[in-house]
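The sequence shown begins at 6 in the numbering used here and counts up by one. Just so it is clear, CB atoms sit at the ideal spot from N, CA and C, and this is done for glycine as well. Note that this is a predicted model, so its numbers are computed, not measured.
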Amino acid sequence: MIRLMIVDDHPLIRLGLHQILDPIEDIEIAAEADSGVQALRLLEQQTFDLIVLDMAMPGRSGVEILRRICDDKQAPPVLIYSRFPADQYAERTLRAGAAGYVVKSAAPNELVHAIRSLAAGRRHLPPGVPGTAAAGGRTRHDQLSEREFEVLRLIVGGHSVTAIANALSLSIKTVSTHRTRILRKLALTSTADLVHYAIEHGIDDHSA
């Protein structure tokens with residue numbers, strides 16, 4: 006039996022996962038968490054074979070929680086389950102320690118296959134996504150931190166600095182600092198430049 010924990014702040018997503026996985030005899034949803042903090046607390050109390058983790062949640066992002074989980078060498082493998090396009094985000098999560106990536110639009114049987122693969126010690130990647138980023142194919146935004154990339158995504162989605170600060174539980178000053186660093190790292194000078202860069206590289210603010 007594969008005991009897994011679901012980490013997603015959307016009740017409907019968790020309900021949908023139950024509908025998909027409850028009929029599967031060798032998979033058990035042993036616990037649910039609606040935040041990264043709750044997930045870390047549950048990990049201290051119980052053991053799991055696998056964690057199914059959303060990418061974007063209030064407070065700490067999925068990638069931040071992923072890094073915290075992977076700091077523990079005894080932690081179970083983590084499967085990222087997200088609406089973010091795999092070609093934009095899968096490699097970033099793999100570098101942060103994830104063992105697999107499934108988009109929420111995938112067929113239910115792909116999710117089941119991914120869970121079984123990770124539980125067996127294998128990785129699961131969407132078609133066309135390499136296991137690691139190729140050095141020759143890196144883009145300028147690969148040098149952004151996960152938080153900077155998150156701020157970039159929200160900026161190009163038309164969110165104000167105040168709205169971004171509220172969404173990420175940051176101060177307005179911190180968001181402004183991130184914006185300045187993003188512009189410098191991407192060698193750009195304005196928000197309009199950021200939007201053009203995002204369009205060119207297929208970066209958007211799809212909600213996860």
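Around the CB of His183, 16 or more other CB atoms lie within 10 Å, so the residue is classed as buried. Between the alpha carbons of Leu159 and Phe89 lies a gap of roughly 13 angstroms. Val57 places its beta carbon 8 angstroms or farther from that of Arg97. Cα atoms of Ile120 and Tyr86: separation of roughly 11 angstroms, rounded to the nearest angstrom. Inside the region 169 to 194, DSSP marks whole alpha helix (DSSP H) runs of 4 or more residues at positions 177 to 191, from first to last along the chain. Residue burial annotation: Asp77 is exposed, with fewer than 16 other C-beta atoms found within 10 angstroms of its C-beta. Under the Cβ criterion (8 angstroms, minimum of three pairs), the region 23 to 32 does not count as touching the region 102 to 109. Taking His118 as the centre and dropping the five residues before and after it, the same chain places the C-beta of His129 closer than 8 angstroms to its C-beta, in chain order. Annotation: the continuous beta strand (DSSP E) that includes Ile85 extends over Val83 to Ser87.
Scanning the region 94 to 124 for uninterrupted alpha helix (DSSP H) segments of 4 residues or longer gives 113 to 124, listed from N- to C-terminal end.
Bounds of the alpha helix (DSSP H) holding Glu151 are Glu151 to Val161. CA-to-CA, the gap between Gln50 and Gln43 works out to about 11 angstroms. Sequence-distant Cβ neighbours of Pro81 in its own chain, meaning closer than 7 angstroms and more than five residues away, are Phe53, Asp54, Leu55 and Ile56.
The C-alpha of Ala170 lies about 15 angstroms from the C-alpha of Glu151. Glu33 sits in a strand when the DSSP states are folded into three classes.
DSSP places Arg127 in no alpha helix (DSSP H); its state is neither H nor E.
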